[in-house]
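Using the working numbering, you'd call the opening residue of the sequence shown number 434 and step up by one each time.
Glycine included, C-beta positions come from ideal geometry on N, C-alpha and C.
Have a look at the structure below before the remarks.
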Amino acid sequence: MGLLVSIVVVLGIITFAQLIKVFEVTKSLKGGDDHIVTDKENRNQATLMFGYLFVFFAFCIWTYVKYGQFMLPEAASVHGEKIDTLLGFNFLIIILAFIITHILLFYFAFKYQRRVGGKADFITHNNKLELVWTTFPAIVLAVIIIYGISTWNEITRSEPENALTVELYAKQFDWTARFPGEDGKLGEANYRLISGTNPMGLITDNSLEEKLAELNEKKAELDAKLLDAVPDGKIAEDTQEEIWRVENHINKLIAFQKEADNRGAGYISGFDDKPVKVEFHLPVDEPIKFQIRAQDVIHSAYMPHFRAQMNAVPGMVTSFYFTPNKTTEEMRLITKNPEFDYLLYCNKICGAAHYNMQMKIVVESREKYEAWLDQQPVFYAEGLERLLEEELNKKQEVLASKK
Ligand SMILES: [Cu+2]
434 MGLLVSIVVV
444 LGIITFAQLI
454 KVFEVTKSLK
464 GGDDHIVTDK
474 ENRNQATLMF
484 GYLFVFFAFC
494 IWTYVKYGQF
504 MLPEAASVHG
514 EKIDTLLGFN
524 FLIIILAFII
534 THILLFYFAF
544 KYQRRVGGKA
554 DFITHNNKLE
564 LVWTTFPAIV
574 LAVIIIYGIS
584 TWNEITRSEP
594 ENALTVELYA
604 KQFDWTARFP
614 GEDGKLGEAN
624 YRLISGTNPM
634 GLITDNSLEE
644 KLAELNEKKA
654 ELDAKLLDAV
664 PDGKIAEDTQ
674 EEIWRVENHI
684 NKLIAFQKEA
694 DNRGAGYISG
704 FDDKPVKVEF
714 HLPVDEPIKF
724 QIRAQDVIHS
734 AYMPHFRAQM
744 NAVPGMVTSF
754 YFTPNKTTEE
764 MRLITKNPEF
774 DYLLYCNKIC
784 GAAHYNMQMK
794 IVVESREKYE
804 AWLDQQPVFY
814 AEGLERLLEE
824 ELNKKQEVLA
834 SKK
């Protein structure tokens, strides 16, 4: 079928070309020069061009009417209203410039259509024109930029007090949200602690121990391999390098433990942290501080309904604060869509399954939020009590030794 269609298309093109040839040959037989365009033909083209202006504008209005429904609904955060006003202001300027320039463009094409014997003005330079078309856009741009920067500063500079801190952790290809436990504090994290059971690299006393045990085991294996290898051979060389890498890793982890010993407190705030997948909840009308991290490549935490976006960069912690001011239920009424849900997306094309990086966000009352959080399992449940006890014993020992 595809082949048949292509054959028909090719034959059609050949027929059309042959027809044009026949047309040209008959014309040259009749005599007369068809290369001279008459005033009438020019007028027709110019009128069509001006007419196109109205068709084009009508098309623009039609696309807005038809697809305008896919624009984001009203903002669901306090600062979101400021962003929307800023965006509206920019749109106003852009649409005005669009209408004026297009009317001029097509009107001039019509007005200065070619006429037999017509002659163009010869202008090399015009200071007044230069001044107008430099100053005017400069002023408009300055207004846009100053308004934009001041809005951005208003949004990002006012770090709210007593904000609930939530971590958003990105990796190829999913999000994990982490909520603080009873202590209200998120535990520290470091990429050197990342393992199968600790994908976010949380630093807790037990995750340090587990990772150290894993690395020591690996080192023992490598040591044995080195003994078996031919001395000074390629395998020996590679194994030695690997051993140095593992030793370096072990030393870095021991440094973490020493740091804890020096300050006389272990890494305990991470025990009761609650990492959650697929969906997370937020209390309405309370400031939320997001701390954002990435494991592998640059991702971006994008929550369009709250007008929030911040890059997730490996090796650093970025943040964004906002206060959600409409619950999911309220937003369902506003959008008249009973299935409406807030979403967290990844907004950097970070790899093959980038489109999978999505999390549902439920905004609800403080009571419902707390009930939800209570049901989420803590990061290290079994060890929590034991390690807290050990911690207490250690502190007492330290106190006793000081005495
Ligand atoms: Cu991503």
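- Item | For Thr-756 and Ala-846, the rounded distance between their alpha carbons | There is no way to answer for residue 846, as the model of the chain reaches only from 434 to 836.
- When the Cα of Ala-596 is compared with those of Gly-614, Ile-527, Glu-719, which residue comes out closest? Glu-719
- Query: Taking the alpha helix (DSSP H) that Ser-439 falls in, what are its first and last residues?
  - Reply: 435 to 463
- Pull up the distance between the alpha-carbon of Glu-692 and that of Asp-616, whole angstroms please. Taking the straight line joining both Cα atoms gives about 21 Å.
- Task: Let me know the secondary structure DSSP gives Phe-753 once reduced to three states.
- Result: strand
- Whole alpha helix (DSSP H) elements within the segment 754 to 794, 4-residue minimum: 761 to 768
- Proximity test, Lys-710 beta-carbon vs ligand 1 heavy atom, cut-off 7 Å: no
- So is Lys-473 buried or exposed if we call it buried at 16+ other beta carbons inside 10 Å? exposed
- Could you tell me the distance, in whole angstroms, from the CA atom of Leu-574 to the CA atom of Ile-532? 18 Å
- Task: Identify every residue that forms a DSSP beta bridge with Met-736.
- Result: Beta-bridge partners assigned by DSSP to Met-736: Ala-741.
- Task: Decide yes or no for the touch test of the segment 741 to 751 against the segment 703 to 714: beta carbon pairs closer than 8 Å, at least 3 of them.
- Result: no
- Message: Once the 5 residues before and after Gln-791 are set aside, which same chain residues still bring their CB inside 8 Å of it?
- Response: Trp-608, Leu-776, Leu-777, Tyr-778, Cys-779
- Are the CB atoms of Val-717 and Gln-809 nearer to each other than 8 Å? no
- Message: On the CB-based measure, 16 or more other CB atoms within 10 Å of its CB, does Pro-613 come out buried or exposed?
- Response: buried
- Query: What three-state label does DSSP hand Tyr-485 in the structure shown?
  - Reply: helix
- Thinking Leu-520 and His-738 are a contact (beta carbons under 8 Å), I'd like their distance in whole angstroms, please. With a Cβ gap of about 14 Å, Leu-520 and His-738 do not count as contacting.
- Message: Does Thr-630 come out as helix, strand or coil in the three-state DSSP assignment?
- Response: coil
- Message: Quick test of the definition: if touching needs 3 or more C-beta pairs under 8 Å, does the segment 493 to 505 touch the segment 540 to 549?
- Response: Contact fails: fewer than three Cβ-Cβ distances are below 8 Å.
- Does at least one heavy atom of ligand 1 sit under 7 Å from the Cβ of Lys-561? No, the Cβ of Lys-561 stays beyond 7 Å of every heavy atom of ligand 1.
- Task: Can you tell me the Cβ-Cβ gap for Met-482 and Phe-539, rounded? I've got them flagged as a contact below 8 Å.
- Result: Contact between Met-482 and Phe-539 holds: their C-beta atoms lie close to 6 Å from each other, under 8 Å.
- Segment contact flag, the segment 677 to 691 with the segment 639 to 649, C-beta cutoff 8 Å, min 3 pairs: Here the segment 677 to 691 makes contact with the segment 639 to 649; the two share three or more CB pairs at distances below 8 Å.
- Query: On the three-state DSSP scale, how would you describe Leu-659?
  - Reply: helix
- Buried or exposed by the 16-neighbour rule on C-beta atoms within 10 Å, applied to Glu-587: By the 16-neighbour rule on beta-carbons within 10 angstroms, Glu-587 is exposed.
- Task: Tell me, please, which residues DSSP counts as bridged to Lys-404.
- Result: No answer is possible for residue 404: it lies beyond the span of the chain, which begins at 434 and ends at 836.
- Query: Thinking just about the alpha-carbon of each residue, which of Gly-629, Pro-570, Val-811, Gly-634 is nearest to the one in Glu-621?
  - Reply: Gly-634
- Rounded C-alpha distance that separates Lys-499 from Lys-604: Between Lys-499 and Lys-604, the C-alpha separation is close to 37 Å.
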